[in-house]
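Report on the following structure.
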Ligand code: HDE
């Protein structure tokens, strides 16, 4: 478990600077006695002060009034978007100084500096209490507590956005949120208003392709990418700018759940992603992400067939490679959800010397919105001094007073220029010690007009579609059919299909086939045929079973010798095995000893694991075969293309009419077919290759080649 006392301490100017600062406000009530908010000790908090035993409660009861009043005011408004989130502290460290010619931002260029960070991951549409595994974009917001002040990279797990100009944001959000008359549906995009908006606003289509893809269903916050989305600017010591796109790449690769699984997890464990983040950090399996940048010299501003300022476009990685800058490790859970994760306030305009904005109209609106939103959410202008938001650098200015002021500024001046306080706080300088806005030359007329260079809505939606593997395409078509199948208005379904026909004719026809509308007769324009392999999740890292959860189903008479060996081998590969049985407690093995169980099968579900193993033991397998939860567990894992394994008599449980894989028979030591690993051996004869082959299947995440359409869900 990581606690404030056991984390690494690398002295001032390092990864723990923020934790040291927070230590000053952390409160531990162990060994204390109950007091009021005024510090008065009390000996009774269960009964109000009344007149007689059955009489009215008295106003004199200051303790009851204080307690109830505080309770009445415990809630603050949830975020208007990204209300549901989970956070963690960590640090970022650059690999080397190769970015130094491009930016004066020290945290990106000084490899000896570990910059503390706080990251909040979120869904977008749902309320604070909604489920984690909904189809949605995920927020990936990082606060860097740098030695030059706070820098916030407020990104998402998708590299583009729904709209090009922030003025449309309220319309988009109103359309995707629960409908206003009945507040249905919660945290779902599958409803009329969102798709009505999409059909009327074709600029949404590229992002909609991402939203219908597996990217919208992350297996874990530890297994998803992050993107700054906008083109930002790096600025070097000479004041020269370079366009930049920021990318986070998870070291564990980018992996997703399947839709059927997501819907079930939403009931079985609505905190699935939050729990995974929390437990991984507690277990020391620290999430890690590599920060990379795509750089474009200002002279190439117009070298692309799209506008760099258009947030509905990516720069394909094959065109401009993502160059690694450094790594972020998340190693510390918050102590208090409200104080830290709920009160953290991100703002796109929190930038430091060496980083600057561009004129992306979406970014420009965000630079207004985030400060504004914190004022209502956190109740006044002093939110930067809430501990999680506080910079690790001194904050010295003449801003004063306001709700919840906690500092006591001494002296009689709070204005600039003064002579009475020696002119302090004084102006700093020169650049790059102080922030200085990038000197971009801008001229023009005041107009309300979208640039012509923003008007290609379809090419990159097509690029995304073309870049998908067959299973990914299949998932996208199924997603469109599910979503539009929940749209009551036929004309809206038709209008979306007609829009999809601009992306790809076959896609539109396939979607139309599932939702009872007319397939478009002919293509609007031929598919350009270009693709970007980096967009497919099939090209992600698939080399490790690290932190994958494995259920081993056991019952009385199980082969304890092999199970114990397997547990050790799985742990050596970094996987997390858990023993599930028809009942909690312990089971007696074939050898008569006891095996402790982690949970009863019917309190868990296959959807909460990455893989499942059915061990030998004829009696054990017979019991599992007659337990509907156990049979369903294995069937469902198979259906969801997960790593499935069995040995000895356990193989019988996989011998089902719907299972179209080859299973180990007679004396075969290990057979691997479509992510299903079986062995006819048991006890001490079970070869070590069994665990290795199973972990390879886990590392591949899913066996998409397995056909599972006919398997019961
Ligand atoms: Fe946000 N967004 N956003 N957004 N956004 C908020 O700020 C907004 C956009 C993103 O974990 C709000 O503190 C506007 C793009 C994340 O606390 C609000 C526009 C991207 C988070 C807001 C956008 C994001 C937010 C709500 C269009 C990806 C959660 C609460 C111009 C690059 C941060 C809050 C956290 C939160 C406004 C578009 C990401 C209202 C007006 C594009 C990750 O200020």
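Numbering (the working numbering), first residue to last: 253 to 965.
Backbone N, C-alpha and C define an ideal beta-carbon position, used for all residues, glycine too.
Predicted model only: the values in this text are computed from it and were never measured.
- Rounded to the nearest whole angstrom, the C-alpha separation of residue 611 and residue 440 is 32 Å.
- Between residue 909 and the set 887, 424 and 902, the nearest pair of CA atoms involves 887.
- Counting only residues of its own chain and dropping the five nearest sequence neighbours on each side, residue 762 has a CB closer than 7 Å to the CB of 729.
- Around the C-beta of residue 659, fewer than 16 other C-beta atoms lie within 10 Å, and the residue is accordingly described as exposed.
- DSSP lists 479 and 544 as the bridge partner or partners of residue 499.
- Residue 842 is a Cβ neighbour of residue 810, given a cutoff of 9 Å.
- Checking the 8 Å criterion, the Cβ of residue 453 is out of range of every heavy atom belonging to the ligand HDE.
- In this structure, residue 764 sits away from residue 899, with a CB-CB distance that is not shorter than 9 Å.
- Across the structure, residue 331 and residue 648 are spaced so that their CA atoms are roughly 29 Å apart.
- In this structure, DSSP gives residue 337 an extended state, which the three-state scheme calls strand.
- Contact between residue 655 and residue 457 is absent: CB atoms are separated by about 44 Å, not below the 8 Å threshold.
- For the set 390, 860, 480 and 836, the Cα lying nearest the Cα of residue 852 is the one of 836.
- Where residue 403 is concerned, the enclosing beta strand (DSSP E) starts and stops at 401 to 408.
- In the three-state DSSP reduction, residue 720 falls in the coil class, being neither helix nor strand.
- If you look at residue 392, you'll find it in the beta strand (DSSP E) that goes 390 to 398.
- In the structure shown, residue 649 falls within a coil segment according to DSSP collapsed to helix, strand and coil.
- With a cutoff of 8 Å, residue 442 does not count as near the ligand HDE, since its C-beta is closer than that to no heavy atom of the ligand.
- Of the heavy atoms belonging to the ligand HDE, none sits nearer than 8 Å to the Cβ of residue 697.
- In its chain, beyond the 5 residues on either side, 739, 740, 741 and 744 have a beta carbon closer than 7 Å to the beta carbon of residue 444.
- Taken through DSSP and simplified to helix, strand or coil, residue 957 comes out as coil.
- If one requires a minimum length of 4 residues, the alpha helix (DSSP H) runs lying completely within the region 718 to 783 are 722 to 737, 742 to 755 and 757 to 767, in chain order.
- Between the ligand HDE and the CB of residue 281, the shortest heavy atom gap is not smaller than 8 Å.
- Per DSSP, reduced to three states, the secondary structure at residue 887 is helical.
- Per DSSP, reduced to three states, the secondary structure at residue 361 is helical.
- Secondary structure note for residue 449: its alpha helix (DSSP H) is the uninterrupted segment 444 to 452.
- Counting the other CB atoms within 10 Å of its CB gives residue 614 a total of 16 or more, which places it among the buried residues.
- Remark: the shortest separation between the CB of residue 393 and any heavy atom of the ligand HDE falls under 8 Å.
- In this structure, the C-beta of residue 908 stays at least 8 Å away from each heavy atom of the ligand HDE.
- In this chain, the beta strand (DSSP E) harbouring residue 924 covers 923 to 925.
- Taken atom to atom, the span from the alpha-carbon of residue 510 to that of residue 295 is near 54 Å.
- Bridge partners of residue 487 according to DSSP: 493.
- Boundaries of the alpha helix (DSSP H) around residue 625: 613 to 630.
- In the pairwise beta carbon analysis, the region 331 to 341 is classified as touching the region 364 to 375: at least three pairs are separated by under 8 Å.
- A direct Cα-Cα distance of roughly 6 Å separates residue 667 from residue 650.
- Residue 901 places its beta carbon less than 9 Å from that of residue 872.
- Of the other Cβ atoms in all chains shown, 16 or more fall within 10 Å of the Cβ of residue 473; this residue is therefore buried.
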